[in-house]
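For the record, in the sequence shown the residue sitting at position 182 is 182 according to UniProt numbering, with numbers rising by one throughout.
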Amino acid sequence: MATSAPAPTCNSTTNGNGISSGSGGEDSEQISKIGIGVSEGVGRNQLQSQGRDSILMSENSGAGNETNKKPQQQRLSKTQMKQSSLEGSDFTFGRQNSWRKRICERTRRSRSMEEDYGEKSAANVTACVDLIEKGLYLGNKDTACDIQWLKHHSITHILTIDSCPLPTKITDLPFVKTKYLQVTDMAHEDILQYFEETNRFIQQSICNEVIPGNVLVHCYYGVSRSATIVLAYLMHKYNISLEEALERVKSKREAIGPNHGFISQLKLYEKMGFHIDRNSPVYKRFRLHMAALKMKSVKVLPPPYTDVIRPDPALFSVRPEPVVYRCKKCRRILASGSNLLLHNEGKTPRWPAFLSEPEEGTTSFCTQMHFIEPIVWMREAGHNLQGKLHCPNALCKSKLGSFSWVMGCLCPCGAKVQPAFYLVPSKIDRSNSVLNLQITL
Ligand SMILES: [Zn+2]
Ligand SMILES: [Zn+2]
Numbered sequence: 001m002a003t004s005a006p007a008p009t010c011n012s013t014t015n016g017n018g019i020s021s022g023s024g025g026e027d028s029e030q031i032s033k034i035g036i037g038v039s040e041g042v043g044r045n046q047l048q049s050q051g052r053d054s055i056l057m058s059e060n061s062g063a064g065n066e067t068n069k070k071p072q073q074q075r076l077s078k079t080q081m082k083q084s085s086l087e088g089s090d091f092t093f094g095r096q097n098s099w100r101k102r103i104c105e106r107t108r109r110s111r112s113m114e115e116d117y118g119e120k121s122a123a124n125v126t127a128c129v130d131l132i133e134k135g136l137y138l139g140n141k142d143t144a145c146d147i148q149w150l151k152h153h154s155i156t157h158i159l160t161i162d163s164c165p166l167p168t169k170i171t172d173l174p175f176v177k178t179k180y181l182q183v184t185d186m187a188h189e190d191i192l193q194y195f196e197e198t199n200r201f202i203q204q205s206i207c208n209e210v211i212p213g214n215v216l217v218h219c220y221y222g223v224s225r226s227a228t229i230v231l232a233y234l235m236h237k238y239n240i241s242l243e244e245a246l247e248r249v250k251s252k253r254e255a256i257g258p259n260h261g262f263i264s265q266l267k268l269y270e271k272m273g274f275h276i277d278r279n280s281p282v283y284k285r286f287r288l289h290m291a292a293l294k295m296k297s298v299k300v301l302p303p304p305y306t307d308v309i310r311p312d313p314a315l316f317s318v319r320p321e322p323v324v325y326r327c328k329k330c331r332r333i334l335a336s337g338s339n340l341l342l343h344n345e346g347k348t349p350r351w352p353a354f355l356s357e358p359e360e361g362t363t364s365f366c367t368q369m370h371f372i373e374p375i376v377w378m379r380e381a382g383h384n385l386q387g388k389l390h391c392p393n394a395l396c397k398s399k400l401g402s403f404s405w406v407m408g409c410l411c412p413c414g415a416k417v418q419p420a421f422y423l424v425p426s427k428i429d430r431s432n433s434v435l436n437l438q439i440t441l
């Protein structure tokens, strides 16, 4: 072996059939997710929705799909076990389930009233919507579909975070501006990516200088997805912690309960100072984690995630950083210091556990292998689950390392990094870009 450092073990490289074999369980989850999306698009009734809730909860626990027939008690105990590991969260799925049942019950009563009294049900629908603060309502889908209620409360904007959009009878209303984001209530859904635009939408609707409006933020029950969006808005607006935002919203709407994946994303949002910091190492890891899930299910990096592949630091258009990593053989710049993804010695970086890991510089990080972000010159990384990394210099093409989106790689220190894009230390040089520029001149 030409390398002096021990190479990390990529499971994928030893598996000739790695692409299909590595993605079985999660794929079935994705298939069931697609199936759910389709069924929701055509006449969803309450019974279906309750069924979906159970499905979502079991998916949150990583244990089920639509065909899972395990007793509910068993599913709950699993999710509760997982939930108990969440730091600082007082949510349990048992409680969430009970809240959701109550919301379902309120919705059922509301519908029954609607059948009996027609449009006069508007007052009853308010049971499924709450005023969080001046101009900001948080509620369920029924509320968003009740034209009388919308008129009565002078709603000017509706923000829908659901699996399917509102009917055209609502979106075509002349007095309401609507915005729709397709998000399912699953822990592995990336809802954080929408915070900036949802904050802007809510802010613009409420704080309109000419005519201050009223905005209704809703999902299907007004419990998880829409509550997450409202929490993010309050955190950003008032610079308050997740805990404080939860207190505020729960004081107005007790039945909120974002799923544990959304809670983790709100914690990340708080850690980043209530804005999306694309240079934050934790955020980079989170995005790569989400991108890897997409790669696993669709085998190609979809457009919302192409930004995880970073610009080539060798190009003149990219501002040079003080520290760069070069191919030892031809001196071509391969990565900048900021492309490095550090991990603690022997500790596997897992989402969301790495949220609570120490910041860079406060502990000793592993230096046995250089794990980096995917970079544009890794041409195969956007459409292959795994492969080798060669020097992009056509005259060099030295083998530098490997990548694996799904299986990940085992660092010599014992940490399993997934997804992994690594350069073998013996194949590259760490150098100062300014010094090298002087030498080149
Ligand atoms: Zn080279
Ligand atoms: Zn390591």
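Cβ coordinates follow ideal geometry from the N, Cα and C atoms, glycine included.
Please read all numbers here as calculations on a predicted model, not as lab measurements.
Check: Taking C-beta to C-beta, are Leu216 and Thr306 nearer than 8 Å?
Finding: Within the sequence shown, numbered from 1, the residue matching residue 216 stands at position 216. Within the sequence shown, numbered from 1, the residue matching residue 306 stands at position 306. It is not a contact, given that the beta carbons lie outside the stated cut-off.
Item checked: Pick from Pro419, Arg326 and Cys330 that is closest to Pro374, judged by C-alpha positions -> Mapped onto the sequence shown, residue 374 falls at position 374. Residue Pro419 is the option with its Cα nearest to Pro374.
Notebook entry, point to check: Residues with a Cβ closer than 6 Å to any heavy atom of ligand 2, in chain order?
Noted result: The set, ordered by position in the chain, is His343, Cys366, Gln368, Met369, Cys411, Cys413 and Ala415.
Notebook entry, point to check: Is the distance from the Cβ of Val282 to the Cβ of Ile132 below 8 Å?
Noted result: By one-based count along the sequence shown, residue 282 stands at place 282. By one-based count along the sequence shown, residue 132 stands at place 132. Cβ atoms of Val282 and Ile132: not closer than 8 Å.
Check: Does DSSP classify Phe175 as helix, strand or coil?
Finding: For the purposes of this step, residue 175 is taken as the residue at position 175 of the sequence shown. Phe175 falls in the coil class under three-state DSSP.
Check: Identify the residues that DSSP records as bridge partners of residue 442: which are they?
Finding: Since the first residue shown for the chain is 1 and the last is 441, residue 442 is missing from the structure and cannot be characterised.
Checklist line | Nearest neighbour of Ile289, chosen from Ala353, Gly346, Val210 and Tyr137 [CA to CA] | finding: Counted from its first residue, the sequence shown places residue 289 at position 289. At residue 289 the sequence reads His, which differs from the Ile that was named. Looking at the Cα atoms, Ala353 is the closest of the given residues.
Check: Which of helix, strand or coil does DSSP assign to Arg379?
Finding: Counting from one through the sequence shown, the residue named residue 379 turns up at place 379. Note: Arg379 maps to helix in three-state DSSP.
Margin query: Measuring straight from C-alpha to C-alpha, what distance separates Pro322 and Ala187?
Written below: For this step, residue 322 is matched to residue 322 along the sequence shown. For this step, residue 187 is matched to residue 187 along the sequence shown. C-alpha separation (whole angstroms): 38 Å.
Notebook entry, point to check: Taking all protein chains shown into account, do 16 or more other C-beta atoms lie within 10 angstroms of the C-beta of Pro392, making it buried, or fewer, making it exposed?
Noted result: Taking the first residue of the sequence shown as position 1, residue 392 is located at position 392. The residue is buried, with at least 16 neighbouring Cβ atoms inside 10 Å.
Item checked: Per DSSP, cross-strand counterpart(s) of Ile372 -> Indexing the sequence shown from 1 puts residue 372 at position 372. DSSP output for Ile372 lists Leu340 as bridge partner(s).
Next item on the list: Give the DSSP-derived three-state secondary structure of Ser402 in the structure shown.
Entry: Residue numbering aside, residue 402 sits at position 402 when the sequence shown is read from its first letter. The answer is strand: DSSP assigns Ser402 an E or B state.
Next item on the list: Report whether the distance from the Cβ of Ser398 to the nearest heavy atom of ligand 1 is below 7 Å.
Entry: Position 398 of the sequence shown, counted from the start, is the residue given in the question as residue 398. For Ser398, the CB falls within less than 7 Å of some heavy atom of ligand 1.
Next item on the list: Compute the minimum distance between the beta carbon of Asn393 and the heavy atoms of ligand 1, and state whether it is under 7 Å.
Entry: Translated into positions along the sequence shown, residue 393 becomes position 393. Correct: Asn393 has its Cβ closer than 7 Å to ligand 1.
Next item on the list: For Glu196, I'd like the list of residues in its chain whose CB is within less than 7 Å of its CB, leaving aside the five on either flank, ordered along the chain.
Entry: To locate residue 196, count along the sequence shown from 1; it is residue 196. Taken in chain order, the residues that qualify are Ile276.
Item checked: Buried versus exposed, by CB contacts within 10 Å (16 or more), Asn208 -> Here the question's residue 208 lines up with position 208 in the sequence shown. Asn208 should be labelled exposed.
Notebook entry, point to check: Which partner residues does Val323 have in the DSSP bridge list?
Noted result: Indexing the sequence shown from 1 puts residue 323 at position 323. Note: Val323 sits in a beta bridge opposite Asn432.
Check: Can you list, in chain order, the residues of its chain whose CB lies under 6 Å from that of Ser264, leaving out five sequence neighbours each side?
Finding: In the sequence shown, residue 264 corresponds to position 264, counting from 1. By the criterion of a C-beta distance shorter than 6 Å, Ser264 is surrounded in its chain by Pro352, once the five residues flanking it on both sides are discounted.
Notebook entry, point to check: Roughly how many angstroms lie between the CA atoms of Glu380 and Cys396, to the nearest whole one?
Noted result: On the sequence shown, position 380 is the one that residue 380 refers to. On the sequence shown, position 396 is the one that residue 396 refers to. Looking at the two C-alpha atoms, the distance is approximately 17 Å.
Next item on the list: Use the C-beta contact count for Gln204: other C-beta atoms within 10 angstroms, 16 or more gives buried, fewer gives exposed.
Entry: Indexing the sequence shown from 1 puts residue 204 at position 204. With fewer than 16 other Cβ atoms within 10 Å, it is exposed.
Note to self: Looking at ligand 1, does it come within less than 7 Å of Arg332, judged from the CB to the closest heavy atom?
What the structure shows: Position 332 of the sequence shown holds residue 332. Yes.
Notebook entry, point to check: Straight-line CA distance for Asn344 to Thr171?
Noted result: The count along the sequence shown starts at 1 and reaches residue 344 at position 344. The count along the sequence shown starts at 1 and reaches residue 171 at position 171. Roughly 50 Å separates the two Cα atoms.
Check: How do the segment 157 to 173 and the segment 239 to 258 stand: do at least 3 beta-carbon pairs fall below 8 Å, yes or no?
Finding: no
Next item on the list: Can you grab the Cα-Cα spacing for the pair Leu410 / Lys347, in whole Å?
Entry: As a working mapping, residue 410 is identified with position 410 in the sequence shown. As a working mapping, residue 347 is identified with position 347 in the sequence shown. Between Leu410 and Lys347, the C-alpha separation is close to 11 Å.
Next item on the list: For Glu270, count neighbouring C-beta atoms within 10 Å of its own C-beta (all shown protein chains included) and say buried if the count is 16 or more, exposed if not.
Entry: Within the sequence shown, residue 270 is the residue found at index 270, counting from 1. That one is buried.
Next item on the list: Determine the DSSP secondary structure at Leu423, reduced to helix, strand or coil.
Entry: In the sequence shown, residue 423 corresponds to position 423, counting from 1. DSSP places Leu423 in strand when its eight states are reduced to three.
Note to self: Any heavy atom of ligand 1 inside 7 Å of the beta-carbon of Lys388?
What the structure shows: For the purposes of this step, residue 388 is taken as the residue at position 388 of the sequence shown. Taking non-hydrogen atoms of ligand 1 into account, the C-beta of Lys388 is found less than 7 Å away from none of them.
Note to self: Assuming Asp190 is part of the beta strand (DSSP E), what are its boundary residues?
What the structure shows: Position 190 of the sequence shown, counted from the first residue, corresponds to residue 190. Looking at the DSSP string, Asp190 is not in any beta strand (DSSP E), and its letter there is neither H nor E.
Notebook entry, point to check: Measuring from the CB of Cys164, is there a heavy atom of ligand 1 at a distance below 7 Å?
Noted result: Along the sequence shown, read from residue 1 onward, the residue named residue 164 stands at position 164. Flag unset: Cβ of Cys164 not near ligand 1.
Margin query: If you follow the alpha helix (DSSP H) that Thr228 is in, where does it begin and where does it stop?
Written below: The residue given as residue 228 occupies position 228 in the sequence shown. Element bounds for Thr228: Arg225 to Tyr238.
Checklist line | Pick from Tyr422, Lys177, Lys296 and Tyr238 that is closest to Leu385, judged by C-alpha positions | finding: Against the sequence shown, residue 385 aligns to sequence position 385. Selected option, being the one with the closest Cα: Lys296.
Next item on the list: Counting only the same chain and skipping the five closest in sequence on each side, list residues whose C-beta sits under 7 Å from that of Asn432.
Entry: Here the question's residue 432 lines up with position 432 in the sequence shown. The residues are Pro322 and Val323.
Check: Ile211: buried (16+ other C-beta within 10 angstroms of its C-beta) or exposed?
Finding: Locating residue 211 in the sequence shown gives position 211, counting from the first residue. Burial call: exposed.
Note to self: Taking 7 Å as the cut-off, is the C-beta of Cys327 nearer than that to any heavy atom in ligand 1?
What the structure shows: For this step, residue 327 is matched to residue 327 along the sequence shown. Cys327 Cβ: within cutoff of ligand 1.
Check: Among Gly387, Asn259, Ser154 and Asp429, which one has its Cα closest to the Cα of Val183?
Finding: The residue given as residue 183 occupies position 183 in the sequence shown. Checking every option, the nearest Cα to that of Val183 belongs to Asn259.
Next item on the list: Express the C-alpha separation of Asn214 and Asp429 in angstroms, rounding to a whole number.
Entry: Residue numbering aside, residue 429 sits at position 429 when the sequence shown is read from its first letter. Residue numbering aside, residue 214 sits at position 214 when the sequence shown is read from its first letter. A straight-line Cα-Cα distance of about 58 Å links Asp429 and Asn214.
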